[in-house]
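What follows is one structure encoded as structure tokens, with my remarks underneath.
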DNA sequence: TATGAATGAGAGTTCATTCAT
DNA sequence: TATGAATGAACTCTCATTCAT
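Residue numbers (the UniProt record's numbering), protein chains in the order written: chain W, 1 to 232; chain H, 1 to 232; chain Z, 1 to 232; chain A, 1 to 232.
Set out below in structure tokens:
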């Protein structure tokens, strides 16, 4: 997790870093960094617990008491790391999303056909997002976005706009290579990812009633775009 | 005294008024139905107000005080119509959704090509859902669904499953008539509506950053499915 | 008590007044005004209780819980009458001081010598302020004034400046009549009341260690100003 | 290691520094006294900081965190010097008041007329108390006295009773020498200092609205007691 | 000796729900 | 039937105090 300390946590975090560097290689540095380490662990535990609770209950219905209990810390400890409930929520989303963005930026080497690229990407999405905590996060953002414009903004800026741009590039490549016939698709990359989004939402709302084979659905959707796959 | 009409806010209010007009002139009925009439109006006002507030703030953050104020009734009056906040929310969604279902059932006469049918449907959806209160309702259900399984269930049963079934029928018709080539599409009617759903969500979260021309997007999507439209 | 209702309390207070006027003389007005009456009583009880607690503990150390308990109401009821703890304190001082000012304005008929007037005034002060709740209020204002400028301002405007002006008028009359020799006294009416203030503070802090005969002290002070009294 | 010096904050700090310079060069004493020295300095800093904060906010509203920050020590360090917040406050007042008493005891040689003595005293009071931190301390004691009887007791015993006794002695001298005519004044020395006290309070509460020329007021008051001064 | 992260009791405030009118 | 004052449980946030380092 890339350090992005709260004001409250910054001093200890910074100092910890400094000290660790200074005592690099010296055994008895352990106790010094133990403190910082424990602080990091606590912070991580709070983030983890808060995420679970926010996803399970939404922002307003989540009790800080429950987050504390789940994280195994005292109520007051939360306030050593976050200013208040609101900014905790906002920061949380950032904290959880940043590594996602990082991974998106670590582009896979563009080899093979565009369809293969998109399939690889979709496969990854299936595994890592649909039906997972990460998927619930998406639903959380959809749910709370209007009340937390800064969260929606952040999510748009960091994830959506980049994702859209990436998709558009892929689509244009596909068009240039003749893999995609529908030229206007480049104007609406949302169409490419729409079924994936629907799958995310479907899983958390309706999976009970009618399980959805997301993988198959994506395949069909890609057939629509790239033309039917020959007999594999 | 119909205590719990399964009619939507507006329509029930309108009908109630109509009835009052109809019974005009019957002396001993007038005062009695006046009472009922007023009760109906109040109830409708509460439903309307509650919907606005729930959409704007979500379930937990909505105050009954605000609903009462907006509806122009006293706080206690709400409890004459609904058991408590939770069951009010659950009932509310039902009340608002029922007329939607009713309209869906009043199928438009299936004339013309399948594409024309779907386009008509999509056009209606564009006008009546995307960027409207009704669209926000969809987002509200996505947001609160996990905490209100009964709401999600109801929505699935009354709207989603029927909608899916209807789409499937259309798709099969399209396949039979040769308008749709991708045969597997019938297995995932979700693909047909996915961009529409995405448009709904996009409007309430990201319209500010990047307005989305939903109409055009739907057209492109239909081109994908039905093959490109010739020059008009 | 001149009605000066809080925003929260205003509606009920106003309506109560209106209704009371409307139903003047009609017996069954009782139940209607009972409500308003009870509300007034509650409000008065809160004011009374809050005053006691604030005097006993100061602003910061006073618990709303204790005020509620002492007033015999629920904690939430306080918020029907006052916006929050701070504005409750500020309003409280106003509420308690207003009748004091009213009484000051109801000037006693200026008969007899200036010394007699001043003695009458001092006698009243002795009876009504020194060693009473009212005296404690003065100490409370001294204590909290710097943290509640609005309170200090109000007290200065309504009580201190008027009191000073009144004293100055009396002193000038005394000088004109030849009862007071020290002409510069009119420039510092504070001197006239200083021992009275000291007596107020003394009673609440040191009475235990060394009781102070305030009456005698004031007499000696007046002798200083008016010259020794002959053997009456 | 003198644990609880009975010296005032500032003076002890200054003196401590002086001592450190004096013991410079004694090898094995240096580190030991360095420790004690640092401790003394810290303690003095805490006392100073605490005084400022208590005066500015009162006892209950003062945060130990702020005291620590202002003193440049960690929160925990305070507890190495004081048992808890309450006893810190009580001790503090003692620490700050002791040097005042000491100075009072170092009586100036009684030369000249009584009026001159009193004027010298009043002049000193004007300079050192009215409108200064020391004056605020008086207000603090008035404010917190009822909640800290031990503070009020201490202040009475060490300052008030001695001051009263001293004033009485002066007054009696004045009467004996014929400078003061009003014999009963000796029974109420409070009258002599009352305007000075009023000036202290006035400065911190009302100076903004109506500045008070304390020096002139005291002069007028002394004229009242000693008779008008001739044209110097 | 000094630190400051951690604690958790306790404070102010809100708001769903009740009930006398 | 309708009201809205009253309730008090429950929530967020603060801060004196402790203790491992």
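Backbone N, C-alpha and C fix where the C-beta goes; we use that ideal spot for every residue, glycine too.
| Item | Value |
| --- | --- |
| Residue 138/Z versus 136/A, 135/A and 143/A, residue with shortest Cα-Cα distance | 143/A |
| Neighbour flag for residue 99/A against chain Z, beta carbons, 8 angstroms | no |
| Contact under 8 angstroms by Cβ, residue 205/W with residue 152/H | yes |
| C-alpha distance - residue 216/Z paired with residue 207/Z, whole-angstrom precision | 15 angstroms |
| Straight-line Cα distance separating residue 45/A from residue 87/A | 17 angstroms |
| Residues near residue 221/A by beta carbon distance below 7 angstroms, same chain, minus five either side | 195 |
| Member of 70/H, 186/H, 159/H and 141/H whose CA lies at the smallest distance from the CA of residue 235/H | Because chain H spans 1 through 232 in this model, residue 235/H falls outside it and cannot be assessed. |
| Terminal residues of the alpha helix (DSSP H) in which residue 152/Z lies | 149 to 155 |
| Local conformation of residue 172/Z per DSSP, three classes | helix |
| Helix, strand or coil at residue 209/Z according to DSSP, with G and I counted as helix | coil |
| CB contact check: residue 148/H to chain W, cutoff 8 angstroms | no |
| Minimum Cβ-Cβ distance from residue 195/W to chain H less than 8 angstroms | yes |
| Interface flag, residue 6/H vs chain W, CB-CB below 8 angstroms | Any reading at residue 6/H is ruled out, since the residue's pLDDT is 38, under 50, leaving its predicted position unreliable. |
| Reduced DSSP secondary structure (H/G/I, E/B, other) of residue 28/H | Caution is warranted here: a pLDDT of 48 is assigned to residue 28/H, below 50, making its placement in the model unreliable, and no coordinate value can be reported. |
| Test item: CB-CB of residue 157/W and residue 104/W under 8 angstroms | no |
| Close Cβ partners of residue 226/W (< 6 angstroms) along its chain, the five nearest in sequence each way excluded | 115 and 179 |
| Any C-beta of chain H under 8 angstroms from that of residue 203/W | no |
| Nearest neighbour of residue 81/W, chosen from 62/W, 60/W and 47/W [CA to CA] | 47/W |
| Alpha carbon of residue 202/W to alpha carbon of residue 36/W, nearest angstrom | 41 angstroms |
| Boundaries of the alpha helix (DSSP H) in which residue 74/W is found, first to last residue | Where residue 74/W is concerned, there is no enclosing alpha helix (DSSP H), given that its DSSP letter is neither H nor E. |
| Beta-carbon gap between residue 165/Z and residue 175/Z smaller than 8 angstroms | no |
| Within-8 angstroms CB hit, residue 60/H to chain W | yes |
| 8 angstroms Cβ cutoff, residue 143/A in contact with chain Z | yes |
| N-terminal and C-terminal residue of the alpha helix (DSSP H) that residue 178/Z is part of | Neither: residue 178/Z is in no alpha helix (DSSP H) and is coded neither H nor E. |
| 7 angstroms Cβ cut-off: residues of chain H touching residue 217/W | 188, 190 and 191 |
| C-beta atoms of residue 58/Z and residue 135/A nearer than 8 angstroms | no |
| Spatial distance of residue 51/W from residue 90/H (CA atoms) | 26 angstroms |
| Rounded C-alpha distance that separates residue 183/H from residue 141/W | 35 angstroms |
| Among 42/H, 199/H and 75/H, the one whose alpha carbon lies nearest that of residue 132/H | 199/H |
| Bounding residues of the alpha helix (DSSP H) (the contiguous stretch that carries residue 144/H) | 133 to 144 |
| Cβ of residue 96/W within 8 angstroms of any chain H Cβ | no |
| First through last residue of the alpha helix (DSSP H) which encompasses residue 123/W | 114 to 128 |
| Cα-Cα separation, residue 40/W to residue 79/W | 14 angstroms |
| Option in 73/H, 95/H and 192/H with minimal Cα separation from residue 117/H | 192/H |
| C-beta neighbour in chain H for residue 57/W, strict 8 angstroms | yes |
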